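Undergrad:
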Amino acid sequence: SQTIHQWPATLVQPVGSPLSLECTVEGTSNPNLYWYRQAAGRGLQLLFYSVGIGQISSEVPQNLSASRPQDRQFILSSKKLLLSDSGFYLCAWSLTPIAGGVADTQYFGPGTRLTVL
Amino acid sequence: QKEVEQDPGPLSVPEGAIVSLNCTYSNSAFQYFMWYRQYSRKGPELLMYTYSSGNKEDGRFTAQVDKSSKYISLFIRDSQPSDSATYLCAMRRTGGGADGLTFGKGTHLIIQP
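Residue numbers (the working numbering), protein chains in the order written: chain U, -17 to 99; chain X, 411 to 523.
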C-alpha cells in the first residue's frame, strides 16, 4: 500500500530564515505530487504541483519554491521566510487514470505546521 | 461568486443523528466530486468520491451529487463522537492533468455525546 511522509511535523522559524520541508511517497511510481497551504479560515490553497522529476508548476506567486529531485520526493523551500508564510503545509499525491488512479484522487500526508515569528 | 461554497459551521448535532453536509458550485465542468475528513492538526483523509450525478454509499456514509442543481451532499447516519471533524468537499474537471482539486473551505462538525 502507498504511504506519504512529511517532516518535520512542526517547525518554528524566525522571519528571514530559510525553509526546507520534505515529502516522500512510498509504494507507487511516477505519482503527481502537490504542495498545499492551509491557513485558518481560508481553506486549502494549491501552491505547486509536479508531474515528474524536475517538472514543477506554480499556482501562486510567492517567495516559496519547490523541487522534485527524485520520483517520489518533493521539497518545499524558501530563502527568507515571511510572517505570512505561517500555516499548515500539506503534501499530496495522486495517480493519473492512465497509471491506474481514479479521477486523480489525491491523498494527503500528515502535514507540517509552520510558525514564523 | 466563488467556485465552491461550503458553510463553515460549526454544525453541532447529538450522537445518533443523521448529519447532512453540503456544497454548491458554479462551474458546470466539474465531473468528479470528493469528500475529505480532516481531524484537528491532521492531513485530510479521503472519505468518498463520485463521478457525475447519483448516489454512492459506503457504510454509514452516503455521497449524493445533483449536477443539475450544482449541489453535492454527504450524509452520515448514526453519527458518532468520532465523526467530529472538518469535512471538505472537493471537485475537479474532466480531462485528466495535474491541475489539482478545487476545495470548499470545510464544515466543522461536532457530534455531542
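Each residue gets a CB set at the ideal place from its N, CA and C atoms; glycine is no exception.
All values reported here derive from a predicted model rather than from experimental measurement.
Would you please state the rounded distance, in angstroms, between the beta carbons of Leu15 of chain U and Phe56 of chain U? I believe it to be under 8 Å.
TA: 4 Å
Undergrad: Beta carbons nearer than 9 Å to chain U: which residues of the segment 451 to 476 of chain X have them?
TA: Arg451, Lys452, Gly453, Pro454, Glu455, Leu456, Tyr459, Tyr461
Undergrad: Asp488 of chain X by DSSP, collapsed to three states: which one?
TA: coil
Undergrad: So that I know if they touch, is there some Cβ in chain X lying closer than 8 Å to that of Pro92 of chain U?
TA: yes
Undergrad: Residues in its own chain within less than 8 Å of Cys5 of chain U by CB, not counting five upstream and five downstream?
TA: Ile(-14), His(-13), Gln(-12), Leu15, Trp17, Gln55, Phe56, Ile57, Leu58, Cys73, Gly91
Undergrad: Could you work out which residue in X:Gly464, X:Asn437, X:Ser430 is closest to Lys412 of chain X when comparing CA atoms only?
TA: X:Asn437
Undergrad: Below 8 Å, can you find three or more Cβ-Cβ pairs linking the segment 441 to 458 of chain X to the segment 415 to 424 of chain X?
TA: no
Undergrad: Would you mind telling me which residues of chain U sit closer than 7 Å to Phe513 of chain X, beta carbon to beta carbon, in chain order?
TA: Gly25, Leu26
Undergrad: In three-state terms, what does DSSP make of Ser66 of chain U?
TA: Here Ser66 of chain U carries a helix assignment [DSSP, helix/strand/coil].
Undergrad: In whole angstroms, give me the CA-to-CA distance for Ser479 of chain X and Pro420 of chain X.
TA: 24 Å
Undergrad: Under a Cβ-count criterion, where at least 16 other Cβ atoms within 10 Å of its own Cβ denotes burial, should Ile486 of chain X be classed as buried or exposed?
TA: buried
Undergrad: Give the DSSP bridge partners of Glu455 of chain X, in chain order.
TA: In the DSSP secondary-structure assignment, Glu455 of chain X is bridged to X:Arg447.
Undergrad: Could you tell me whether the Cβ atoms of Ile520 of chain X and Glu425 of chain X are closer together than 8 Å?
TA: no
Undergrad: Please list the residues of the segment 415 to 433 of chain X that have a C-beta atom closer than 8 Å to any C-beta atom in chain U, keeping them in chain order.
TA: Pro418
Undergrad: Go ahead and label Gly514 of chain X buried or exposed: buried means 16 or more other beta carbons lie within 10 angstroms of its beta carbon, across all protein chains shown.
TA: Flag for Gly514 of chain X reads buried.
Undergrad: If the criterion is Cβ atoms closer than 8 Å, does the pair Asn12 of chain U and Asp53 of chain U meet it?
TA: yes
Undergrad: Using the three-state DSSP reduction, which class does Asp476 of chain X fall into: helix, strand or coil?
TA: strand
Undergrad: Note down, in chain order, every chain X residue with its Cβ under 7 Å from the Cβ of Leu72 of chain U.
TA: Gly453
Undergrad: Going by the DSSP bridge assignment, what does Thr(-8) of chain U pair with across the sheet?
TA: U:Arg95
Undergrad: According to DSSP, Gly34 of chain U sits in a beta bridge with which residue or residues?
TA: U:Gln37
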